[in-house]
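Undergrad: Terminal number for the sequence shown in numbering that gives the first Met the number 0: 186, no gaps in between. I'd like to ask some things about the structure below.
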Amino acid sequence: MVPARTRLTADQRREDVLEAAMTEFAAGGLHGTSTETIAERAGISQPYLFRLFGTKKELFLACYDRGCRRVRDAFAAAAADVPPDAPPDERLVAMGCAYEGLIRDQDLLRIQMQAYVSADDPEIRAAARRAYADLFALVEEASGADDESVLRFFAKGMLLNVSAALGLRDMHPGDPAAWAAAFRRGR
0 MVPARTRLTA DQRREDVLEA AMTEFAAGGL HGTSTETIAE RAGISQPYLF
50 RLFGTKKELF LACYDRGCRR VRDAFAAAAA DVPPDAPPDE RLVAMGCAYE
100 GLIRDQDLLR IQMQAYVSAD DPEIRAAARR AYADLFALVE EASGADDESV
150 LRFFAKGMLL NVSAALGLRD MHPGDPAAWA AAFRRGR
């Protein structure tokens with residue numbers, strides 16, 4: 000006897016498609032990823048994918064937004080876990096540690112980078128600017144840090160992105176000084 004298949008709701012299918020699309024877009028970007036490949040990975044037809052998301056760009060933007068929400072939520076939770084009377088630097092450190100954990104997910108890391116690569120598209124540029132501005136505002140507000148400290152926090156985050164993308168963190172786990180030395184040596 001063949002077991003009965005459970006029908007998924009449109010929202011459940013959207014989630015499946017977003018998971019599949021995150022992986023595919025992270026690897027190939029907006030222009031190098033086919034909707035056919037995403038649909039196949041998600042186990043649906045390509046026409047159904049378009050019924051769920053409309054266009055490939057809308058799907059890409061939904062993936063990017065999902066990644067940005069994960070970062071915002073992690074930053075907010077990390078800052079909230081620090082006692083209210085702690086200095087701003089402690090909240091920045093907590094948010095930074097949360098981010099280091101997040102970017103172990105290569106799809107999350109690369110979807111951010113793919114959005115920057117595709118920023119020549121006005122809609123993607125606008126979405127990336129909004130998301131970055133929202134994240135910047137959240138870090139300012141949640142940390143209570145001054146402008147210079149927040150700018151250093153984001154600069155270090157970009158260094159973490161590059162380190163993670165190049166695999167330096169894996170070569171030297173937990174040792175940012177070793178990452179810096181690896182950058183200087185070009186390895």
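Just so you know, even glycine gets a beta-carbon here, dropped at the ideal spot from N, CA and C.
Using the C-alpha atoms, what's the distance from Phe52 back to Ala85?
TA: 44 Å
Undergrad: For Gln11, count the other beta carbons within 10 Å of its own beta carbon; 16 or more makes it buried, fewer makes it exposed. Which is it?
TA: exposed
Undergrad: On the criterion of 16 or more Cβ atoms from any shown chain inside 10 Å, does Pro87 qualify as buried, or is it exposed?
TA: buried
Undergrad: Thinking Leu101 and Ala73 are a contact (beta carbons under 8 Å), I'd like their distance in whole angstroms, please.
TA: 6 Å
Undergrad: When you compare the region 54 to 65 with the region 23 to 32, are there three or more beta-carbon pairs, one atom per stretch, that lie closer than 8 Å?
TA: yes
Undergrad: Sort Ala78, Leu29, Val92 by Cα distance to Lys155 and report the nearest one.
TA: The candidate whose alpha carbon is nearest that of Lys155 is Val92.
Undergrad: So is Met94 buried or exposed if we call it buried at 16+ other beta carbons inside 10 Å?
TA: Classification for Met94: buried.
Undergrad: Taking only the alpha-carbon atoms, compute the straight-line gap between Gln111 and Ser162 and give it to the nearest angstrom.
TA: 14 Å
Undergrad: Return the chain-ordered ranges of every alpha helix (DSSP H) run that is complete within the region 44 to 96 and spans a minimum of 4 residues.
TA: 45 to 52, 55 to 79
Undergrad: DSSP on Thr32, reduced to helix/strand/coil?
TA: Coil, per DSSP.
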